[in-house]
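Novice:
In our numbering, the protein residues as written are -5 to 401.
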């Protein structure tokens, strides 16, 4: 059953809240503007750094031996990333020759979700109704149910045992005659399952700890208690609980994955018998590793594509911050008009539309200003379009004002 909380805010409270939001709005507006300007410059700098790096990259067919002639040069090569290191998780009986080993822990818990509905009241007040619902599911950490809003679900979570997530890496990974640095080792992907095999003694200790837990299953005799299996090992998963097919609150599961030695392609600056990142003239660092045999052209194409995607994501974030900031700054007008709910809704819609149009135009202006410093042929048209949009918005507003006054 859902649990609801109702909060009522007076008209004066809404006005005060709107005034407080003005400061937050300015912070969002300025932050979004700075982000947009920085993002465009970062895109161009990254693109130029990649072009510079691609122009000096030496394609090496074999890294079977260290070549002194390559010292200090940015190279592209493909070879197997190999290691003799043994990674282990002693408690769970995992031991494997691998580049990395990961332990992932999940807990079956009650989880809280909420949704809020706001209703305007005549006179300018506001009623805020928050509905809380609860569901069982797997979580990456124990959920603190003491903070749940519904008293019936408070302190409803617990867990048999607690383990930490862990990830370990091989210290010695070779790439032909070279040794890979940590930043390359940690970027090798391609996880596979690895079986767990905890010792019988360890399973016995876990079982004893669970049976001593206050929430342990009730048993009538010592024989019944001995028959209760509370630790299940299945492949790469160790499950703590009575039934793996029917999870219950308190259960947890621990899974293991590994990354085995494999063929990789890399872009890196030769530094003795290892690699470092290539530093472009503008200070940007370049290095890259991908699984499999990938040509230098493909790797740089992937890097350029990622740069474009990141730039568009940050553009969107910047525009949202600018528009959201303007909306918060001018929300005071909607709050004042809310004394009559219907009028407040109309004013709110109008303010929202103006803030979106102005925010987008403002964003385009700053993107254009940034491009003026890097790409004038693109920046100038963008600036003209943005200024034209603001001018149109201004003149449209002036034309509508007489009509409103006449009415």
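We treat Cβ as the ideally placed atom computed from N, Cα and C, and that holds for glycine.
(1) Count the other CB atoms within 10 Å of the CB of residue 70; is the residue buried (16 or more) or exposed (fewer)?
(2) Give the secondary structure of residue 227 by DSSP, where H, G and I count as helix, E and B as strand, and everything else as coil.
(3) Rounded to a whole number of angstroms, what is the C-alpha to C-alpha distance between residue 262 and residue 271?
(4) With a floor of 4 residues, list each alpha helix (DSSP H) that falls wholly inside the segment 308 to 366, ordered by position along the chain.
(5) Within the segment 49 to 83, note down every full beta strand (DSSP E) run reaching 3 residues or more, in order along the chain.
(6) Quick one: what's got a C-beta closer than 8 Å to residue 267's C-beta in the same chain, skipping five residues either side?
(7) So, residue 250 versus residue 189, is the Cβ gap smaller than 9 Å?
(8) Quick one: give me the first and last residue of the beta strand (DSSP E) that residue 161 is part of.
(9) Per DSSP, which one or two residues make a beta bridge with residue 148?
(10) Taking residue 112 as the reference, give the member of 8, 323, 301 with the closest Cα.
(11) Go to residue 114, then tell me how far its beta strand (DSSP E) extends in each direction, as first and last residue.
(12) Would the beta-carbon of residue 104 fall within 9 Å of that of residue 130?
(13) With DSSP run on the structure shown, which of helix, strand or coil describes residue 264?
(14) Take residue 148 and list the residues in its own chain whose beta-carbon comes closer than 7 Å to its own, dropping the five residues that flank it on each side.
(15) Taking DSSP's pairing of strands, which residues face residue 195 in a bridge?
(16) When the Cβ atoms of the segment 11 to 20 are set against those of the segment 347 to 355, are three or more pairs found closer than 8 Å?
(17) For residue 39, does the three-state DSSP call read helix, strand or coil?
(18) Give the DSSP-derived three-state secondary structure of residue 217 in the structure shown.
(19) Would you decide whether residue 32 is buried or exposed? Buried here means 16 or more other CB atoms lie within 10 Å of its CB.
(20) Is it the case that the segment 62 to 77 contacts the segment 238 to 250, given that we only count it when at least three CB pairs across the two stretches are under 8 Å?
(21) Helix, strand or coil, according to DSSP, for residue 301 in the structure here?
(22) For residue 230, collect the residues of the same chain with a Cβ closer than 8 Å to its Cβ; drop the 5 residues on either side in sequence, then sort them by chain order.
(23) Using three-state DSSP, classify residue 395 as helix, strand or coil.
(24) For chain B, find out if any of its Cβ atoms is closer than 9 Å to the Cβ of residue 282; answer yes or no.
(25) One question on the structure: do residue 259 and residue 284 come within less than 9 Å of each other, judged by their Cβ atoms?
(26) If I measure Cβ to Cβ from residue 400 and keep anything under 6 Å in the same chain, skipping five residues before and after, which residues do I get?
(27) Whose CA, out of 204, 157, 72, lies closest to the CA of residue 293?
(28) Would residue 340 and residue 352 be called neighbours here (beta carbons separated by less than 9 Å)?
(29) At the level of alpha carbons, what is the spacing between residue 181 and residue 85?
(30) Determine the extent of the beta strand (DSSP E) in which residue 177 is found, giving its start and end residues.
(31) By the three-class DSSP mapping on this structure, what secondary structure does residue 281 have?
(32) Give me, in chain order, the residues of the same chain whose beta-carbon lies closer than 7 Å to that of residue 418; leave out the 5 immediate sequence neighbours on both sides.
(33) Short of 6 Å in beta carbon distance, which residues of its chain neighbour residue 3, apart from the five on each side in sequence? Order them along the chain.
(34) Going by C-alpha distance, which of 124, 126, 144, 157 is nearest residue 133?
(35) Measure the beta-carbon distance from residue 322 to residue 16 and round it to whole angstroms, keeping in mind my assumption that it falls under 8 Å.
(36) Helix, strand or coil for residue 205 per DSSP?
Specialist: Looking at the atomic coordinates:
(1) One-based indexing of the chain shown puts residue 70 at position 76. So residue 70 counts as buried.
(2) Residue 227 sits at position 233 when you count from the first residue of the chain shown. Residue 227 falls in the strand class under three-state DSSP.
(3) Within the chain shown, residue 262 is the residue found at index 268, counting from 1. Within the chain shown, residue 271 is the residue found at index 277, counting from 1. Distance between the alpha carbons of residue 262 and residue 271: 6 Å.
(4) Those alpha helix (DSSP H) runs which fall completely within the segment 308 to 366 and span 4+ residues are 325 to 331.
(5) If we require 3 residues or more, the beta strand (DSSP E) runs fully inside the segment 49 to 83 come out as 68 to 76, 80 to 83.
(6) Counting from 1 along the chain shown, the entry for residue 267 is found at position 273. Correct list, in chain order: 60, 171, 172, 173.
(7) Residue numbering aside, residue 250 sits at position 256 when the chain shown is read from its first letter. Residue numbering aside, residue 189 sits at position 195 when the chain shown is read from its first letter. Yes. Within cutoff.
(8) Taking the chain shown and counting its residues from 1, one reaches residue 161 at position 167. For residue 161, the enclosing beta strand (DSSP E) has its first and last residue at 160 to 163.
(9) Taking the chain shown and counting its residues from 1, one reaches residue 148 at position 154. Partner(s): none; residue 148 has no beta bridge.
(10) Numbered from its first residue, the chain shown carries residue 112 at position 118. Relative to residue 112, the option among 8, 323, 301 whose CA is nearest is 8.
(11) As a first step, residue 114 is located in the chain shown; it is residue number 120 there, counting from the start. Here the beta strand (DSSP E) through residue 114 covers 94 to 114.
(12) Looking up residue 104 in the chain shown gives position 110. Looking up residue 130 in the chain shown gives position 136. Yes, the pair counts as a contact, with Cβ atoms nearer than the cut-off.
(13) The residue you call residue 264 lines up with position 270 of the chain shown. DSSP, reduced to helix, strand and coil, places residue 264 within a strand of the structure shown.
(14) For this step, residue 148 is matched to residue 154 along the chain shown. Excluding sequence neighbours, residue 148 sits near 139, 140, 142.
(15) One-based indexing of the chain shown puts residue 195 at position 201. Its beta-bridge partners do not exist; DSSP assigns none.
(16) Fewer than three beta-carbon pairs drawn from the segment 11 to 20 and the segment 347 to 355 are found closer than 8 Å, and the two stretches are therefore not classed as touching.
(17) For the purposes of this step, residue 39 is taken as the residue at position 45 of the chain shown. Residue 39 falls in the helix class under three-state DSSP.
(18) Taking the chain shown and counting its residues from 1, the one referred to as residue 217 is at position 223. Note that residue 217 scores 47 on pLDDT, short of 50, meaning its location in the model is unreliable and no value can be drawn from it.
(19) One-based indexing of the chain shown puts residue 32 at position 38. By the 10 Å Cβ count, residue 32 comes out exposed.
(20) In short, these stretches do not touch, since the Cβ pair count stays below three.
(21) To locate residue 301, count along the chain shown from 1; it is residue 307. Here residue 301 sits in helix by DSSP.
(22) Residue 230 sits at position 236 when you count from the first residue of the chain shown. These residues qualify, in order along the chain: 187, 188, 189, 190, 249, 250, 251.
(23) Taking the chain shown and counting its residues from 1, one reaches residue 395 at position 401. Because the pLDDT of residue 395 is 47, which lies under 50, any placement of that residue in the model is unreliable, and the question is left without a value.
(24) This model lacks chain B altogether, as it is built from one protein chain only.
(25) As a first step, residue 259 must be located in the chain shown, where it is residue number 265. As a first step, residue 284 must be located in the chain shown, where it is residue number 290. For residue 259 and residue 284, yes; Cβs fall inside 9 Å.
(26) In the chain shown, counting from the first residue as 1, residue 400 sits at position 406. With a pLDDT of only 47 at residue 400, under the threshold of 50, the placement of this residue in the model should not be trusted; the figure read from the coordinates follows. Excluding sequence neighbours, residue 400 sits near nothing in its chain.
(27) Here residue 293 refers to the residue found at position 299 of the chain shown. Nearest option by C-alpha distance: 72.
(28) Numbered from 1 along the chain shown, position 346 holds the residue referred to as residue 340. Numbered from 1 along the chain shown, position 358 holds the residue referred to as residue 352. No, these two residues do not count as a Cβ contact at 9 Å.
(29) Within the chain shown, residue 181 is the residue found at index 187, counting from 1. Within the chain shown, residue 85 is the residue found at index 91, counting from 1. Here the alpha carbons of residue 85 and residue 181 stand approximately 26 Å from one another.
(30) Taking the chain shown and counting its residues from 1, the one referred to as residue 177 is at position 183. DSSP places residue 177 outside any beta strand (DSSP E); the residue lies instead in the alpha helix (DSSP H), whose first and last residues are 176 to 179.
(31) Start at 1 with the first residue of the chain shown, and residue 281 comes out as number 287. Coil, per DSSP.
(32) Lying before the first or after the last residue shown, residue 418 is absent from the chain, which here runs from -5 to 401.
(33) What you label residue 3 is simply residue 9 of the chain shown in a count that begins at 1. 120, listed in sequence order.
(34) The residue labelled residue 133 in the question sits at position 139 within the chain shown. Looking at the Cα atoms, 157 is the closest of the given residues.
(35) By 1-based counting over the chain shown, the position of residue 322 is 328. By 1-based counting over the chain shown, the position of residue 16 is 22. Distance from residue 322 to residue 16 at the Cβ level is roughly 7 Å; contact confirmed, criterion being Cβ atoms closer than 8 Å.
(36) Mapped onto the chain shown, residue 205 falls at position 211. Three-state result, residue 205: helix.
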